[in-house]
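Remarks on the structure that follows.
What follows is the structure, given as structure tokens:
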């Protein structure tokens, strides 16, 4: 059950990051004027997709608390690196983000690190 908590943490974290990125791409960039920035960001707080991203972050925190009741943090925390890997892969397919040699090397180091830490 402990691994389920870890993977729920990762899943909720990845969902939250991707949904906020998707929503922000639809909304456009921040306005230049500070007062407009504040209004823009406050309006986003009412967006259901942004709210679902916040809810996912909350659920990720609850899942992490449950995981911490099952594992040492030094064992469980390296699994959180999988969120970087998943966001990287999904951002390529969902947002058409570029892939570079540096990103592939970093991605590989993360995977090797997770395998070594197990």
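In the numbering used here, the protein residues as written are 497 to 614. Even for Gly, the Cβ is constructed at its ideal location relative to N, Cα and C.
Look at the alpha carbon of residue 501 and the alpha carbon of residue 542, and state the distance between them as a whole number of angstroms.
29 Å
Beta-carbon proximity list for residue 599, same chain, < 8 Å, skipping 5 on both sides:
584
Okay, do the stretch 531-546 and the stretch 559-571 touch, 3+ Cβ pairs below 8 Å being the bar?
no
CB-CB under 6 Å to residue 579, same chain, minus the five flanking residues each way: which ones, in chain order?
506, 509 and 510
Continuous alpha helix (DSSP H) assignments of at least 4 residues falling wholly in the stretch 535-561:
none
Out of 608, 518, 531 and 576, which has the shortest C-alpha to C-alpha gap to residue 592?
518
Give the range of the alpha helix (DSSP H) segment to which residue 521 is assigned.
498-523
Contacting residues, own chain, Cβ-Cβ under 7 Å from residue 603 (five flanking each side not counted)
581 and 584
Compare the beta carbon distance of residue 549 and residue 516 with 8 Å and say whether it is the shorter of the two.
yes
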